[in-house]
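For the sequence shown, my numbering begins at 47 and goes up steadily by one.
Virtual Cβ for every residue (Gly too), placed ideally from N, Cα, C.
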Amino acid sequence: MSLISEVLGVDQGIVEGYIGEAGMIDRQVEEKIRGKDLWALTSDKRKYLYAVIKILTPEKVVETGVGSGVSTTFILSALNKGILYSIDLGVKYGEEEETYPVGFVVPEKLKGKWRLIIGDSKKVLPELLSELGIIQVFLHDGDHTYENVKFELSLAWDHMNEGIILVDNFEFNSATRDFCKEKGCTVLKLSDQNGGFAMIKKT
Numbered sequence: 047m048s049l050i051s052e053v054l055g056v057d058q059g060i061v062e063g064y065i066g067e068a069g070m071i072d073r074q075v076e077e078k079i080r081g082k083d084l085w086a087l088t089s090d091k092r093k094y095l096y097a098v099i100k101i102l103t104p105e106k107v108v109e110t111g112v113g114s115g116v117s118t119t120f121i122l123s124a125l126n127k128g129i130l131y132s133i134d135l136g137v138k139y140g141e142e143e144e145t146y147p148v149g150f151v152v153p154e155k156l157k158g159k160w161r162l163i164i165g166d167s168k169k170v171l172p173e174l175l176s177e178l179g180i181i182q183v184f185l186h187d188g189d190h191t192y193e194n195v196k197f198e199l200s201l202a203w204d205h206m207n208e209g210i211i212l213v214d215n216f217e218f219n220s221a222t223r224d225f226c227k228e229k230g231c232t233v234l235k236l237s238d239q240n241g242g243f244a245m246i247k248k249t
C-alpha cells in the first residue's frame, strides 16, 4: 500500500480507505465464485487494482483477459465517470469442469460503463486503441506469453500521455522487465502472489 501512496502521490490514509472499500466488494465477489478456481486475481491484487483506479479517476481503461469478471468488477466499482473496455477470447477459463460465461461475476448495475469485446487482443487491441486514442490505465491479464506481453504493453504505452500499466502474473517470464529496460521505466511490484502483480508508471 505504501508503494501505491508513494508512486501516485496520495496520503497513505486515502489508500487504506480504498483498500477497506475493496474488502466489501471482495466479499460480494467471493459469494458468487464460491471457492471455484477461475484464474481470478487474488484478494490482495483486487484491492490494489481498486485503489489505483479510485486514485487516478481515469476516463478510459482497457483490460485484456476477463474470465469470470473479477478484475472487471473491481475496476467498474472504482470508476466514476470513466468507461472500461475489456477484451477476452471468449473461451473456457479456469480449472473447473463446468464452463462459465465471460464476466458472469459483473453486477448488472455496473454494466452501463462497460464495453466487452470478444476476440484476440492481437487483432482487437490495435483497433480499439486506435479508436480510443489516449487511455489512462491498462491492465494486462490475458495471454501471458512473452511475445504477447511485450506486444500489449508496447501498444498501451504508445497510447498514453501519462498513465499506469498493470500486469498480472508478470513473473511468468521476463517480458515486463525487458519492456521497462527498453522504455526506461520501472517495474513496481505490488504483490508477489500467484506470479506477481506489477505497476508501471508513464510520466
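Beta-carbon proximity check, residue i vs residue j, cutoff 8 Å
i    : j    : result
N219 : G242 : no
F120 : I60  : no
N130 : E105 : Correcting the residue identity first, residue 130 is Leu in this sequence and not Asn. Not closer than 8 Å, so no.
G165 : V148 : no
S123 : Y96  : yes
V151 : V116 : yes
I180 : I133 : no
A86  : S51  : no
V53  : M206 : no
V107 : V183 : yes
I101 : L125 : no
K227 : W203 : no
V112 : T103 : no
Residues sharing a beta bridge with residue i, DSSP
i    : result
I246 : I211
W203 : According to DSSP, which records beta bridges pairwise, W203 is partnered with nothing at all.
L162 : S132
S237 : F243
Helix, strand or coil at residue i according to DSSP, with G and I counted as helix
i    : result
T232 : coil
V107 : strand
F184 : strand
G59  : helix
F150 : coil
L156 : helix
S51  : helix
E177 : helix
R92  : helix
K82  : coil
E144 : coil
K127 : coil
G115 : coil
L102 : helix
Cβ-based neighbour list, residue i, same chain, cut-off 7 Å, excluding 5 preceding and 5 following
i   : result
L49 : L234 and L236
Close beta carbons around residue i, own chain, < 8 Å, minus the five adjacent residues each side
i    : result
Q168 : Strictly speaking, residue 168 in this sequence is Lys, with Gln absent from that position. Closer than 8 Å at Cβ, skipping near neighbours: N194 and F197.
L201 : L171, P172 and L175
L222 : At residue 222 the sequence reads Thr, which differs from the Leu that was named. V195, L199, V213, F216, V233, A244 and I246, listed in sequence order.
D238 : E217
beta-carbon residue i near the ligand NAD non-hydrogen atom, thresh 7 Å
i    : result
F216 : In the structure on display, the ligand NAD does not appear, and there are no ligands present to speak of.
Sequence-distant residues of its chain with Cβ nearer than 6 Å to residue i (five each side left out)
i    : result
T249 : E208
G69  : none
Q58  : S51
K78  : V151
Proximity test, Cβ basis, 8 Å: residue i and chain B
i    : result
L162 : No chain B appears in the structure shown, which is made up of a single protein chain.
>> With three or more C-beta pairs closer than 8 Å as the rule, is the segment 150 to 159 touching the segment 190 to 205?
In response: Here the segment 190 to 205 makes no contact with the segment 150 to 159; the two share fewer than three CB pairs at distances below 8 Å.
> Does the pairing of the segment 203 to 215 with the segment 172 to 187 give three or more beta-carbon distances under 8 Å?
Replying inline: These segments touch.
>> Whether or not the segment 88 to 103 and the segment 195 to 207 are in contact is what I'm after, with contact meaning three or more pairs of Cβ atoms, one per stretch, closer than 8 Å; do they touch?
In response: Taking 8 Å as the limit for Cβ pairs, the verdict is that the segment 88 to 103 does not touch the segment 195 to 207.
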